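FYI, in the UniProt record's numbering the residues of the sequence shown are 1 to 399.
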Amino acid sequence: MGFVSSSHPAVDPWTESYLAKRNLSLMSEFRQATAHVEALEARIARLQQSDAENAVDATLTEGFRFLLVRSGPLNALYSLQTRQQTVATAAIDGDGDVMMEKFRARCSMVDPVTNQPRFGPKMLAKVHDLLRRYDDVKLAVQEDAPLRLQVEATIQQLAQEDAARREEEEAREREQKDAQRNAELANEVEQQRLQQEAQEREAEWQRGEQQRVEALAAAAQKKREQREKERAEEERQRKLEEEERARLNAAIPHGKAGLEKAIAMLQESTGSEALFRQSLQKLLAVVSNICSSPENAAFRHIPKDNVHFHADLGQHAGGYQCLLALGFKELQQGEETEPRNVFVLEVCPLSPKNVESCADKLLPLVVFLQEPDLSEDLDAWSNWFDELKEMLSLVESKL
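Shown next as structure tokens:
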């Protein structure tokens, strides 16, 4: 393998195994050292090229940082440039020196087992060449070497630029934070203003709503009072009308004597024989219809505001009185909002119960003649019907 002299005598199996393991370990270390030196040479070449091209940048600094150890003379300077980053790879004046010094010592060592030199001639030449290359790299980056001085100046320049850049960034960040704080403060002030305005609007709305509710309540109260006043007036008017109806109902006695008196009033008020006969014919038609069909309630109720009845009979004094003499009674029917007066014809005085039962069956605004219940009181019905026929004869006699 080249690690030991080829002139040593034959060895036993154990020694042969030992030599194989030792040579394998030495070869692994040599390959590692060779790779390390090649990496250093590559960095040196890049540094030299950057220096020749005056390409001062972070790449040059990184290449030089790779060449120095953690405890090297430029550690403080590199800490500034790299913001306290540690060097991950050992290089010159550090782990690299330890590795190379091992190989340098082994060049003169004798193996304690074989009592032969540690390296054979070919391997020894390779190790010497590797040590020379390593020494060349160290020489290129020693403290007074031009390349090192140039790189140090570059590092210092970059550190200053980085410090200035960081200062600018910090100043910019402070400005941004100040601007952000000012914006937040302005936004807070604006939000407070908007909240205050919203509260004022809400308070104004509440006042307006309270006024509206109070106005509605006052209007409702006024309307209630007006309705109460109207109801009181309606009640007063209703009582007056009831009194008037009572007076009217009592003005003419029921029967032939009352009918005679009413016909006399009618004759006087019409003023002419023709109108008088026309009114009597209307009265005769009313009585004749009832006598011909006493069971037909439609003939026994007459709307007081009926146009034809009013034109022929109702408009003349004595017209209503004729109905009262026949036994009709005036009542008020209909809804409370639209009451109507009716005339009711009865055979005997109507009790409140009879009036209510009749009113439920009548058409609105009628003059009603109540027929006695034939099934309950035949005598009363007969008397009522006989009296009605007598008054029919009286009317016929006046024509």
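Even glycine gets a Cβ: it sits at the ideal position worked out from N, Cα and C.
Since this is a predicted model, take the numbers as computed values, not measurements.
Whole-Å CB distance - residue i paired with residue j, under 8 Å assumed
| i | j | result |
| --- | --- | --- |
| Phe-103 | Leu-131 | 6 Å |
| Ile-290 | Leu-388 | 6 Å |
| Ala-163 | Met-100 | Between Met-100 and Ala-163 the Cβ distance is about 36 Å, and since that is not below 8 Å, they are no contact. |
| Ser-288 | Leu-392 | 6 Å |
Which listed residue (the options) has its alpha carbon closest to that of residue i
| i | options | result |
| --- | --- | --- |
| Gly-319 | Thr-114, Phe-385, Leu-248, Gln-211 | Leu-248 |
| Ile-263 | Glu-230, Lys-398, Ala-164, Glu-29 | Lys-398 |
| Gly-258 | Gln-321, Val-213, Val-127 | Gln-321 |
| Val-286 | Ala-251, Leu-326, Ala-35, Glu-168 | Leu-326 |
| Arg-22 | Arg-118, Val-98, Ala-35 | Arg-118 |
| Lys-138 | Lys-256, Val-37, Phe-328 | Val-37 |
| Glu-244 | Phe-30, Leu-40, Asp-111, Glu-330 | Glu-330 |
| His-316 | His-301, Glu-295, Leu-275, Met-27 | Leu-275 |
| Ser-50 | Gln-211, Ser-25, Arg-238, Leu-147 | Leu-147 |
| Met-265 | Gly-314, Gln-191, Glu-295 | Gly-314 |
| Glu-29 | Val-98, Pro-13, Gln-199 | Val-98 |
| Pro-136 | Arg-43, Gln-116, Ala-186 | In the sequence as presented, Pro is not what sits at residue 136; that position holds Asp. Comparing Cα-Cα distances from Asp-136 to each of Arg-43, Gln-116, Ala-186, the minimum goes to Arg-43. |
Separation of residue j from residue i, as counted between CA atoms
| i | j | result |
| --- | --- | --- |
| Leu-323 | Glu-225 | 41 Å |
| Gln-332 | Phe-385 | 26 Å |
| Thr-89 | Glu-188 | Because Thr-89 carries a pLDDT of 33, less than 50, the predicted location of this residue cannot be relied on, and the following value inherits that uncertainty. Spanning the two alpha carbons is a distance of roughly 53 Å. |
| Ala-220 | Asn-383 | 58 Å |
| residue 436 | Glu-228 | Missing from the structure shown is residue 436; the chain here goes from 1 to 399 and no further. |
| Met-109 | Gln-156 | 44 Å |
| Ala-250 | Leu-240 | 15 Å |
| Phe-299 | Ile-252 | 22 Å |
| Leu-47 | Leu-149 | 12 Å |
| Val-141 | Asp-95 | 16 Å |
| Ala-380 | Ala-217 | 60 Å |
| Glu-16 | Thr-114 | 10 Å |
| Pro-303 | Glu-242 | 17 Å |
| Arg-181 | Arg-201 | 30 Å |
| Pro-112 | Leu-19 | 11 Å |
| Ala-159 | Arg-174 | 22 Å |
| Glu-260 | Glu-390 | 12 Å |
| Gln-267 | Glu-273 | 8 Å |
| Ser-293 | Asp-305 | 24 Å |
| Glu-204 | Arg-236 | 47 Å |
| Lys-282 | Val-307 | 13 Å |
| Trp-14 | His-128 | 30 Å |
| Ala-39 | Arg-31 | 12 Å |
| Pro-121 | Ala-153 | 44 Å |
| Glu-41 | Asp-12 | 42 Å |
| Ala-105 | Arg-172 | 57 Å |
| Ala-45 | Glu-168 | 35 Å |
| Gln-176 | Gln-192 | 24 Å |
| Glu-295 | Asp-377 | 15 Å |
| Glu-234 | Lys-223 | 16 Å |
| Arg-231 | Arg-277 | 44 Å |
| His-310 | Ala-246 | 21 Å |
| Lys-256 | Glu-396 | 13 Å |
| Val-213 | Gln-195 | 26 Å |
| Glu-209 | Glu-170 | 56 Å |
Simplified DSSP state of residue i, which is helix, strand or coil
| i | result |
| --- | --- |
| residue 413 | Any question about residue 413 goes unanswered here, given that the chain covers just 1 to 399. |
| Gln-315 | coil |
| Gln-116 | coil |
| Leu-323 | helix |
| Leu-331 | strand |
| Val-87 | The predicted model places Val-87 with a pLDDT of 33, which falls under 50 and marks its position as unreliable; any figure quoted below should be read in that light. Three-state result, Val-87: coil. |
| Leu-80 | Annotation note: pLDDT 37 at Leu-80 (below 50); position unreliable, no value reported. |
| Asn-182 | helix |
| Asn-296 | coil |
| Asn-306 | coil |
| Asp-12 | coil |
| Leu-362 | Its pLDDT being 39, under 50, Leu-362 is placed unreliably by the model, and nothing is read from it. |
Residue span of the beta strand (DSSP E) that contains residue i, given as start and end
| i | result |
| --- | --- |
| Ile-252 | From DSSP, Ile-252 is part of no beta strand (DSSP E); its letter is neither H nor E. |
| Pro-121 | Note, Pro-121: premise wrong, no beta strand (DSSP E); alpha helix (DSSP H) at 121-140. |
| His-301 | 301-303 |
Residue i, enclosing alpha helix (DSSP H) - first and last residue
| i | result |
| --- | --- |
| Val-110 | Unbroken run through Val-110: none, as it is neither H nor E. |
| Leu-392 | 378-398 |
| Asn-289 | 273-292 |
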